[in-house]
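Student: Have a look at this one before I ask anything.
Numbering (mature numbering (1 follows the signal peptide of the UniProt record, and there is no 0)), first residue to last: -34 to -1, 1 to 323.
The structure is reproduced here in structure tokens:
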């Protein structure tokens, strides 16, 4: 039957339509919440600066030290990520590093870094120092530095623009604490970390230095932030305990003549937020002193050269970091790395970019 030109619907039909409408209506907020949850899973819910910048080993921290904080800006319900590039220009050497990290729920950090340490023209200088030791007299620059002349097994000489490369895979876990919200308590944010290194130096060079090409380093990091700190400004302090046998952070291999014994060494960082976008600070990191290049009666006395190559210094820097927004940070520093591979006064400029997403 039609009423005013429209079909009449039975009560059963109306009930079905109402049920479908209610079901669809109920599904809308569920679907919306699911979409929102998916969108927020990868987010940047933490405060600007709390993801720090990226250390040259790929971990969240300063320039030369990892800190306890987790990379990115993800909260305990989010995943954050970063990518970075760093360049260090020293008097005799250059260091390039790049990589990425993922921060999981402000609890776990997984990082990767690729480092390239260029000897530049210093490689030729090292070759002639080795040759001078072997021959027992000063050898003019330009003299052939073949493997036979150097008394080494295989082409272990450096030559010009020689690169020492290594890959570092890092894992960091936050144990307890929060740098922002634990203001009324002495407790810092504390994390433990481990770095797996693979150095690509040739085997014959590693044998000459008496080092391993693969190594594992460990650290315990405690970071504390005072929102009303020095001069009323937000102030950061970080203290690390490194357990390592890495020579120059692994660039010259691991261990030495006396084996793979680990050293327990200190590291520290401080920083003052001049405003919410700019941090001024300094860092210190001690290095193990492993004896490299054992004396060899068959190829001359290498002890003098070994002592020179083995000499290390604590790494230090003074830095300024700029956080224009969460997606980008820029760090510039003056670094003093001391003596590296016989060359003293290895200081210079450091520049690093970190992108967070």
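All residues carry an ideal CB built from backbone N, CA and C; glycine is no exception.
(1) Exposed or buried, which one is residue 153 when buried takes at least 16 other CB atoms within 10 Å?
(2) Return the chain-ordered list of same chain residues with a C-beta closer than 6 angstroms to the C-beta of residue 192, the five sequence neighbours on each side being excluded.
(3) I need the DSSP call for residue 277, collapsed to helix, strand or coil.
(4) Check residue 194 in the structure and name its three-state DSSP category.
(5) When DSSP labels each residue in this structure, what does residue 272 get in the three-state scheme?
(6) Examine the Cβ distances between the region 22 to 42 and the region 231 to 250 and report whether three or more of them are shorter than 8 angstroms.
(7) Would residue 136 and residue 40 be called neighbours here (beta carbons separated by less than 8 angstroms)?
(8) Report, in whole angstroms, the separation of the C-beta atoms of residue 84 and residue 76, which I expect to be a contact under 8 angstroms.
(9) Could I get the ranges of all uninterrupted alpha helix (DSSP H) runs contained in the region 155 to 234, with 4 residues as the minimum, in chain order?
(10) Put residue 302 into one of helix, strand or coil per three-state DSSP.
(11) How is residue 90 classed by DSSP in three states: helix, strand or coil?
(12) I'd like to check one pair, residue 217 with residue 81: are the Cβ atoms closer than 8 angstroms?
(13) Kindly indicate which three-state DSSP category residue 55 falls into: helix, strand or coil?
(14) State the Cα-Cα distance for the pair residue 224 and residue 272, rounded to the nearest angstrom.
(15) Locate the beta strand (DSSP E) running through residue 320, then write down its first and last residues.
(16) Run through DSSP, which three-state label would residue 258 get?
(17) Helix, strand or coil for residue 85, going by three-state DSSP, please let me know.
(18) Indicate the three-state DSSP secondary structure (helix, strand or coil) for residue 294 in the structure shown.
(19) If you follow the beta strand (DSSP E) that residue 249 is part of, which residue opens it and which one closes it?
(20) Counting only the same chain and skipping the five closest in sequence on each side, list residues whose C-beta sits under 6 angstroms from that of residue 231.
(21) Given a threshold of 16 other Cβ atoms within 10 Å of its Cβ, counted over all protein chains shown, does residue 167 qualify as buried or as exposed?
Tutor: On the basis of the coordinates in this document:
(1) exposed
(2) Counting only Cβ-Cβ distances below 6 angstroms, and skipping sequence neighbours, we find 201.
(3) coil
(4) coil
(5) Of the three classes helix, strand and coil, the one that applies to residue 272 here is helix, per DSSP.
(6) The answer is yes - the region 231 to 250 touches the region 22 to 42, with three or more Cβ pairs under 8 angstroms.
(7) no
(8) About 28 angstroms separates the two Cβ atoms, so there is no contact after all.
(9) 169 to 175
(10) strand
(11) helix
(12) yes
(13) strand
(14) 13 angstroms
(15) 313 to 322
(16) Coil at residue 258, not helix or strand.
(17) coil
(18) strand
(19) For residue 249, the enclosing beta strand (DSSP E) has its first and last residue at 244 to 251.
(20) Cβ neighbours of residue 231 beyond the five flanking positions: 208 and 252.
(21) buried
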